[in-house]
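Enquirer: I have a structure here, written as structure tokens, and I will follow up with some questions on it.
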Amino acid sequence: MNVRTIIRLVTAAACTAGIAAVGPTGTAQAADQILFGSPSGNIACAIFAEGSDGGAGYVRCEVFEYTYTPPPRPPGCYLPDGTPVQSDYGYAIHLSKAHGAWFNCGGGTLGHPINSFLPYGASVTFGGFTCTSARDGIRCGVGSKSFRISRAAYELS
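Just so you know, we're using our numbering here: the sequence shown kicks off at 29 and counts up by one.
This is the structure we're talking about:
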């Protein structure tokens, strides 16, 4: 079975579930969100179209195993008594057109394992966001705002 056949099978399965897969041209195939992972299987990402969650579109990527040290939790990631909102801070990054990139306070997950992988060197564009897979992680951006995340490091801009 070649790569194009695998991509077609994954696309068909994902579209019947209401989630688009990444096609061979690097564009999303229908639906209001796409879900993909890194070839290593350590990173999962979703791009949500504007209005898919009742608000603006955004990207969320999660790293299942990481060695970097995340930035300090922002004040909004604590309850009034000083307790962290979630104990699992540091594994998920969000990107929106309005707010740029930030670490999610924790909670929720895209799920694992991911069945649609974005090959190294390939990009996908959906809802104005572009994500590119590389051996040093996944980079997603919109306009001048972006992030890169990998097992060993992250960049927010």
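Think of the CB as a built atom: it goes at the ideal place given N, C-alpha and C, for glycine as much as any other residue.
Should glutamine 114 go down as buried or exposed, given a rule of 16 or more other Cβ atoms within 10 Å for buried?
Expert: Sequence index remark: in the sequence shown, residue 114 carries index 86 (1-based). Taking every protein chain shown into account, the CB of glutamine 114 has fewer than 16 other CB atoms within 10 angstroms, so this residue is exposed.
Enquirer: Suppose you measure from the CA of valine 170 to the CA of phenylalanine 154; what does that come to, to the nearest Å?
Expert: Within the sequence shown, the letter at position 142 stands for residue 170. Within the sequence shown, the letter at position 126 stands for residue 154. Straight through space, the alpha carbons of phenylalanine 154 and valine 170 are spaced by roughly 10 Å.
Enquirer: Using a Cβ-Cβ distance cut-off of 7 Å, determine whether glycine 136 contacts chain B.
Expert: Annotation note: the requested chain B is absent from the structure, which comprises a single protein chain.
Enquirer: Please check the pair alanine 126 and serine 174, which I expect to be a contact at CB under 8 Å, by giving their CB distance rounded to whole angstroms.
Expert: Here residue 126 refers to the residue found at position 98 of the sequence shown. Here residue 174 refers to the residue found at position 146 of the sequence shown. Not confirmed; about 14 Å, so no contact.
Enquirer: Measuring CB to CB, does serine 124 end up less than 7 Å from tyrosine 86?
Expert: As a working mapping, residue 124 is identified with position 96 in the sequence shown. As a working mapping, residue 86 is identified with position 58 in the sequence shown. In this structure, serine 124 places its C-beta atom within 7 Å of the C-beta atom of tyrosine 86.
Enquirer: Tell me the rounded alpha-carbon separation between arginine 11 and threonine 160.
Expert: Look at the range of the chain in this structure, 29 to 185, and you will see that residue 11 is not part of it.
Enquirer: What whole-angstrom Cβ distance do glutamate 90 and alanine 120 have, given they're in contact under 8 Å?
Expert: Here residue 90 is taken as the residue at index 62 of the sequence shown, counted from 1. Here residue 120 is taken as the residue at index 92 of the sequence shown, counted from 1. With a Cβ gap of about 5 Å, glutamate 90 and alanine 120 count as contacting.
Enquirer: By the three-class DSSP mapping on this structure, what secondary structure does cysteine 105 have?
Expert: On the sequence shown, residue 105 is found 77 positions in, with the first residue counted as 1. It is helical.
Enquirer: Under a three-way DSSP split, which group does glutamate 78 fall into?
Expert: Position 50 of the sequence shown, counted from the start, is the residue given in the question as residue 78. It is coil, neither helix nor strand.
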